[in-house]
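Written below as structure tokens is the structure these notes are about.
Chains as they are written, first to last, in this note's numbering: chain A, 1 to 423; chain B, 1001 to 1423.
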């Protein structure tokens, strides 16, 4: 007997999980659509040169590379790679479709693959739900992204979440204020760890990275709200942005200005944001920001953009832990039993009538003992059992049993359908 | 300026195509659910040993293999491979979940990848929509598969299609009848080409494969309806199966017994079926059959199964060519304009009210000239323009314009919402 396994960091989504997923994706898709975003899908793999070098050294290591077919395979040559995120593919789509009307508001809900260390809520195959607005510098574009995330989480049932909001230009101004413009990225990387290693940890890390004590003190003074020279307009704009986002539907009070938010990725150029929940501790559920330099990289055009990603797997972990998912409705509504060869045609006819009425309907495939069939239906969580025996077949009736309640009776098929349909 | 390309044999699905796809997938999913099938999803890649050797020599060549990360990569070693179909992953799921209640009726709608020669309606990444019933030998299981395909195609709007139905055991009996049991597969491969190369072509090919003229004559006599010794029961059962499938909802007359149907894959053991349309000529839209030996290969158990695949890409090609897709509803319903800084807050409030009413709503991101904004809305295909200027803002009203009709008027926001909602 051969033993089979799943690839590390992946899992199957069995019916119970799939029912929840489909419902959650439906909600997210409907919010995205309501905000005027249009769907896009791209291939699972890209040409390897499209992806390599876009995610830093760390990213390069985590990209799944695909062996060439035929020639070159024997030398281990690769020509394709699995999608690492949905942003670089978007940049490629924009470059390859110069006729797209701008601003282009697209959403994309697809899996991405990273050979990362698996941990709670982190898999090697995971779904991202992205919205991006390409081709607009308007702060309303940023506000739409904040509002769509706030609305989606609200409609999924989240009531306790914070959207942290900051601006990369504030962080840059901080680096300038301490005379360390060249060390901006290094400073960012250290600040980004504040949640994980705390103030003392970041102070130590900044020291290791060559910042002196006066610089470190000044950084923390500014992180704590001290003045950052020359940023009054940026701060006022951030506050205005928060107001726009709330006006557009982000739950009141959920957006909080937070100078300590750094966001790892290098490519952000303006406002940045990240959604966190306090319970359970799992990192961010969504993140995004303005990135005016990335989309144009393939087209040579200057294309401003802002976008945000909802991480489906983490959203699920949180919804599961907080008991937000409810019962998984995996079961059909109706189970039609099979009595014997003689009445088989009647069972088929009844099953078809149920389905024609739009009812999700199971049909017994074997004429086992009635008790056994009903047990199966019950175990599967089906509510209504429809028994068709010789008497019912002759009379054009069915026996209807509510497996979740008391009702039991023999009635004409049409009445049975009506009874089930009315709940 | 960097030039970017798509990988060969793949494409992007832009909003206009995506709207059609989402609608078609919705229909298919709802029919699958109505027939009592439950959703399953598996990872895009499997361990390479799970896939290799399951699709013959030809298949082995078409599988996309993934390079190891870290150690072994430099030697070109591979450990993973992209899913080639949805059946082998199903077998793995069944083996890894011995507690699954049987029969297990699952559907799965996911892409698969094959490094095949691209042609019309054939891509290297393409979606399969599979239903399978695992763990039942009942002919009703086969009938459910036939009925679910017939119903799905019917609800998608297909009216002219044929489900060809045959049984592998008839083909085997033919090989026995000509004393060529050992050449059964060779005979099948030749017969399978009948559509492509015609009777003379198949006769020649059978000759090349070592069948003598008497054998070839006998094969064609049996293909044309001549008696196949010892198969009376199988033929009667096939006819019964057809009746069951029609009783369960396959459109009357669409299922035709056809002894020339061979189906390429080796693993079928009983009834086999394939759906074809006469216009346009594009090969089969769906195919399947009973395969009682495959699912158990990983578990060592004897697990009968029957299933069928709907090929989404071909279904699209046909629907497109036959004009069955209709207009793509990519547009939002409402476009809210932006007048100036002063009234911006009012525009945001109005956009939010529209969305709260469930209307898909675009918002101008820049206060361009009104004519320009309306032109954008019109070009995007949006029906209702909602203009919010200083007068409207002061009065708590909006100007509503039907861009597809005559209506134009100034009315309170709530009335505008009601008017749009009522169509």
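The beta carbon of each residue, even a glycine, is placed where N, CA and C say it ideally should be.
Within chain A, the residues that residue 1360 of chain B reaches when beta carbons sit closer than 7 Å: Walking along the second chain from the start, residue 1360 of chain B turns up at place 360. Correct list: 33, 34 and 36.
Span of the beta strand (DSSP E), counted from its first residue to its last, around residue 502 of chain A: Not covered by the structure: residue 502 of chain A. The range shown for chain A is 1 to 423.
Alpha-carbon to alpha-carbon, residue 262 of chain A and residue 125 of chain A: By 1-based counting over the first chain, the position of residue 125 of chain A is 125. By 1-based counting over the first chain, the position of residue 262 of chain A is 262. Residue 125 of chain A and residue 262 of chain A: Cα-Cα distance of roughly 25 Å.
Three-state secondary structure (DSSP) of residue 134 of chain A: Counting from 1 along the first chain, the entry for residue 134 of chain A is found at position 134. Looking at residue 134 of chain A - three-state DSSP - the assignment turns out to be strand.
Closer than 8 Å to chain B by CB, residue 242 of chain A: Position 242 of the first chain, counting from 1, holds the residue named residue 242 of chain A. No - not a single Cβ of chain B is within 8 Å of the one on residue 242 of chain A.
Closer than 8 Å to chain A by CB, residue 1339 of chain B: Taking the second chain and counting its residues from 1, one reaches residue 1339 of chain B at position 339. For residue 1339 of chain B, the answer is no, since every Cβ of chain A falls outside 8 Å of its Cβ.
Neighbouring residues, chain A, relative to residue 1096 of chain B (Cβ below 9 Å): Counting from 1 along the second chain, the entry for residue 1096 of chain B is found at position 96. Under the 9 Å cutoff, chain A gives 4, 5, 6 and 12.
Residues, ordered as in the chain, of the stretch 1039-1070 of chain B that lie near chain A by beta-carbon distance below 9 Å: 1039, 1040, 1041, 1042, 1043, 1044, 1045, 1046, 1047, 1049, 1050, 1061, 1062, 1063, 1064, 1065, 1066, 1067, 1069 and 1070
Interface positions of the stretch 153-171 of chain A facing chain B (Cβ-Cβ less than 9 Å), listed along the chain: none
At least three beta-carbon pairs within less than 8 Å, the stretch 103-121 of chain A to the stretch 71-83 of chain A: yes
Beta strand (DSSP E) runs contained entirely in the stretch 1074-1141 of chain B, provided each spans 3 or more residues: 1078-1082, 1104-1113 and 1125-1134
Minimum Cβ-Cβ distance from residue 365 of chain A to chain B less than 8 Å: In the first chain, residue 365 of chain A corresponds to position 365, counting from 1. Yes, its Cβ sits closer than 8 Å to a Cβ of chain B.
Per-residue DSSP class, three states only, for residue 416 of chain A: Start at 1 with the first residue of the first chain, and residue 416 of chain A comes out as number 416. Looking at residue 416 of chain A - three-state DSSP - the assignment turns out to be helix.
Within chain A, partners of residue 1018 of chain B - CB distance below 7 Å: By one-based count along the second chain, residue 1018 of chain B stands at place 18. Those are 39, 40 and 41, listed as they occur along chain A.
Residue 1333 of chain B vs residue 1387 of chain B beta-carbon contact at 8 Å: Counting from 1 along the second chain, the entry for residue 1333 of chain B is found at position 333. Counting from 1 along the second chain, the entry for residue 1387 of chain B is found at position 387. Against a cut-off of 8 Å, the Cβ pair of residue 1387 of chain B and residue 1333 of chain B comes out as no contact.
Within chain A, the residues that residue 1348 of chain B reaches when beta carbons sit closer than 7 Å: Your numbering for residue 1348 of chain B matches position 348 in the second chain. Near residue 1348 of chain B (Cβ distances below 7 Å), the residues of chain A are 244, 247 and 248.
Rounded distance between the beta-carbons of residue 1094 of chain B and residue 1051 of chain B, thought under 8 Å: The residue given as residue 1051 of chain B occupies position 51 in the second chain. The residue given as residue 1094 of chain B occupies position 94 in the second chain. Their Cβ separation, rounded to whole angstroms, is 16 Å, which puts residue 1051 of chain B and residue 1094 of chain B out of contact at 8 Å.
Contacts of residue 103 of chain A in chain B (Cβ-Cβ under 7 Å): Reading the first chain from its first residue, position 103 is the one you call residue 103 of chain A. Under the 7 Å cutoff, chain B gives 1365.
Best match in B:1272, B:1352 and B:1036 for proximity to residue 1472 of chain B [C-alpha to C-alpha]: No information on residue 1472 of chain B is available, as it lies outside the stretch 1001 to 1423 that chain B covers here.
heavy atom of the ligand MN below 7 Å from residue 1023 of chain B C-beta: Although the ligand MN was asked about, the structure shown includes no ligands whatsoever.
DSSP bridge partner residues for residue 1284 of chain B (one or two, in chain order): Within the second chain, residue 1284 of chain B is the residue found at index 284, counting from 1. Note: residue 1284 of chain B sits in a beta bridge opposite B:1276.
Beta carbon of residue 1362 of chain B nearer than 8 Å to that of residue 36 of chain A: As a position in the second chain, residue 1362 of chain B is number 362, starting the count at 1. As a position in the first chain, residue 36 of chain A is number 36, starting the count at 1. Yes; because the gap between Cβ atoms is below 8 Å, this pair is in contact.
Bridge partners - residue 385 of chain A, DSSP secondary structure assignment: Here residue 385 of chain A refers to the residue found at position 385 of the first chain. A:335 and A:401.
N-terminal and C-terminal residue of the alpha helix (DSSP H) that residue 181 of chain A is part of: On the first chain, residue 181 of chain A is found 181 positions in, with the first residue counted as 1. It is not in any alpha helix (DSSP H) - residue 181 of chain A carries neither H nor E in the DSSP assignment.
Inter-stretch contact at 8 Å, needing at least 3 Cβ pairs: the stretch 1349-1359 of chain B / the stretch 248-259 of chain A: yes
Contacting residues, own chain, Cβ-Cβ under 8 Å from residue 225 of chain A (five flanking each side not counted): On the first chain, position 225 is the one that residue 225 of chain A refers to. Counting only Cβ-Cβ distances below 8 Å, and skipping sequence neighbours, we find 259.
Buried or exposed by the 16-neighbour rule on C-beta atoms within 10 Å, applied to residue 1001 of chain B: Along the second chain, read from residue 1 onward, the residue named residue 1001 of chain B stands at position 1. Model confidence at residue 1001 of chain B stands at a pLDDT of 45, short of 50, so the residue's coordinates are unreliable and nothing is read from them.
Any 3 or more C-beta pairs closer than 8 Å across the stretch 1002-1009 of chain B and the stretch 403-423 of chain A: no
Neighbour list for residue 15 of chain A in chain B, Cβ cutoff strictly below 8 Å: Working through the first chain from its first residue, we reach residue 15 of chain A at position 15. Going along chain B in sequence order, the residues near residue 15 of chain A (Cβ under 8 Å) are 1038, 1039, 1040 and 1106.
Rounded straight-line distance, which links the Cα of residue 267 of chain A to that of residue 46 of chain A: Position 46 of the first chain, counting from 1, holds the residue named residue 46 of chain A. Position 267 of the first chain, counting from 1, holds the residue named residue 267 of chain A. Near 20 Å, if we compare the C-alpha coordinates of residue 267 of chain A and residue 46 of chain A.
For residue 135 of chain A, the nearest candidate out of A:99, A:209, A:223 and A:65 (CA to CA): For the purposes of this step, residue 135 of chain A is taken as residue 135 along the first chain, with counting starting at 1. Nearest of A:99, A:209, A:223 and A:65 to residue 135 of chain A, Cα basis: A:99.
Complete beta strand (DSSP E) runs within the stretch 1024-1048 of chain B (minimum length 3 residues, chain order): 1045-1047
Members of the stretch 69-90 of chain A that neighbour chain B once the beta carbon cut-off is set at 7 Å: 69, 75, 76, 78 and 80
Neighbour-count burial assignment, residue 97 of chain A, 16 or more Cβ in a 10 Å radius: Numbered from 1 along the first chain, position 97 holds the residue referred to as residue 97 of chain A. Result: exposed.
Simplified DSSP assignment, three categories, for residue 421 of chain A: Indexing the first chain from 1 puts residue 421 of chain A at position 421. Of the three classes helix, strand and coil, the one that applies to residue 421 of chain A here is helix, per DSSP.
Short CB-CB distance (under 8 Å) between residue 1345 of chain B and chain A: To locate residue 1345 of chain B, count along the second chain from 1; it is residue 345. Answer yes: the Cβ-Cβ gap between residue 1345 of chain B and chain A drops below 8 Å somewhere.
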